[in-house]
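Colleague: I'd like to ask you about the structure that follows.
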Amino acid sequence: TDAYHFEVIPGARYMIRAKGANSNFDAVMRIYSPSGALFATLNETNNLTEFSQILDTAGTWYLLLNEKDGDASGVYYLSFIEVGATACAGNLSCGQSLQGNLAQNTSWKQFRVSASAGQKLVARGQAQSGFTPRLDLFRANGFLASSSQNGRIDYAIDASGDFYLLISDNAAAGSGTFQLAMQWADDSGCGPTVSYN
103 TDAYHFEVIP GARYMIRAKG ANSNFDAVMR IYSPSGALFA TLNETNNLTE FSQILDTAGT
163 WYLLLNEKDG DASGVYYLSF IEVGATACAG NLSCGQSLQG NLAQNTSWKQ FRVSASAGQK
223 LVARGQAQSG FTPRLDLFRA NGFLASSSQN GRIDYAIDAS GDFYLLISDN AAAGSGTFQL
283 AMQWADDSGC GPTVSYN
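Basically the numbering used here = 1-based index in the sequence shown + 102.
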């Protein structure tokens, strides 16, 4: 059993993924609150163990990770992200297209988008090789606004504020270089004017 700990800011969403490098390693993840009480036990599903929840108790939380039956060993991948954490998010503005890298198959990249109510967000992610992009759009309070397993989100913003766009591999089974672009479909300031002919 490997043990980890992380600090929680109440009201933030925390996401953790664990995955064995081979199919014989069936990960089990246990999350404990600062008091030592068992908060969640997560078993592997489709070769992935995933935790995603808003936590309301401040302090040091604990993660124990082990192989389900104790009869396999080997390499595993573990990724952790706090949705909305400034240190974990780059900025993404309308009309911007960027390139990035998912270092390992369980990882995410997170980008902050400042929005106004009534805007229509269009985001696209594409992998250059090695994985199928999944996009998740979260509100600043950690609640999921929209999700796509095909690398495209079309979302009508219903409240002004910051949103966080996460890109990852759809099955957490691949890594590599990706491209990501975001536009406002109803904002003339996001691109040049085009005329007929």
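A virtual CB, placed ideally from N, CA and C, is assigned to each residue, including glycine.
Could you check how far apart the C-beta atoms of F233 and L204 are, in whole angstroms? I think they sit under 8 Å.
Modeller: Right, the Cβ-Cβ distance comes to about 7 Å (below 8 Å), so this counts as a contact.
Colleague: Could you give the first and the last residue of the continuous beta strand (DSSP E) run that contains I156?
Modeller: Residues T151 to L157.
Colleague: Checking 8 Å against the spacing of the C-beta atoms, do Y178 and A120 come in under that value?
Modeller: Yes, the pair counts as a contact, with Cβ atoms nearer than the cut-off.
Colleague: Go ahead and pull the three-state DSSP assignment for T376.
Modeller: In the structure as shown, the chain begins at 103 and stops at 299. Residue 376 is therefore absent and cannot be evaluated.
Colleague: Rank A105, T162 and D264 by C-alpha distance to the C-alpha of G192 and give the top, closest one.
Modeller: When only C-alpha atoms are compared, the closest one is D264.
Colleague: Which class does A189 belong to by DSSP, given the choice of helix, strand or coil?
Modeller: Here A189 sits in helix by DSSP.
Colleague: Assuming R115 contacts V215 under a Cβ cut-off of 8 Å, what Cβ separation, rounded to an integer in Å, is found between them?
Modeller: No, R115 and V215 are not in contact; Cβ-Cβ is about 16 Å, not under 8 Å.
Colleague: Would D288 and K222 qualify as a contact pair, given that the criterion is a beta-carbon distance under 8 Å?
Modeller: Cβ atoms of D288 and K222: closer than 8 Å.
Colleague: With distances taken Cα to Cα, identify the nearest neighbour of A105 among E169, N126, N148 and L194.
Modeller: Of E169, N126, N148 and L194, the residue nearest in Cα terms is E169.
Colleague: Taking its Cβ as the centre, do 16 or more other Cβ atoms sit within 10 Å of S137, making it buried, or is it exposed?
Modeller: S137 should be labelled exposed.
Colleague: Between the C-alpha atoms of S262 and S195, what's the straight-line distance to the nearest angstrom?
Modeller: Spanning the two alpha carbons is a distance of roughly 15 Å.
Colleague: Are there 16 or more other CB atoms within 10 angstroms of the CB of T208, so buried, or fewer, so exposed?
Modeller: Buried, by the Cβ-count rule.
Colleague: Do you know how far the Cα of A274 is from the Cα of E152?
Modeller: Distance between the alpha carbons of E152 and A274: 10 Å.
Colleague: Give a yes or no on whether the C-beta atoms belonging to F284 and Q155 are separated by under 8 Å.
Modeller: Looking at the sequence shown, residue 284 is not Phe but Met. Contact: no.
Colleague: Cβ of T159 within 8 Å of Cβ of S135?
Modeller: In contact: T159 and S135 (Cβ atoms closer than 8 Å).
Colleague: Can you tell me whether L140 is buried or exposed, with buried defined as 16 or more other CB within 10 angstroms of its CB?
Modeller: Counting Cβ neighbours within 10 Å, L140 comes out exposed, since fewer than 16 surround it.
Colleague: Can you tell me which of the three DSSP states S209 falls into?
Modeller: If DSSP states are grouped into helix, strand and coil, S209 belongs with coil.
Colleague: Return the first residue and the last residue of the beta strand (DSSP E) that E169 is part of.
Modeller: Taken as a continuous stretch (DSSP letters only), the beta strand (DSSP E) holding E169 covers G161 to E169.
Colleague: Given this structure, state the Cα-to-Cα distance separating I183 from S218, to the nearest angstrom.
Modeller: Going from the Cα of I183 to the Cα of S218 covers about 25 Å.
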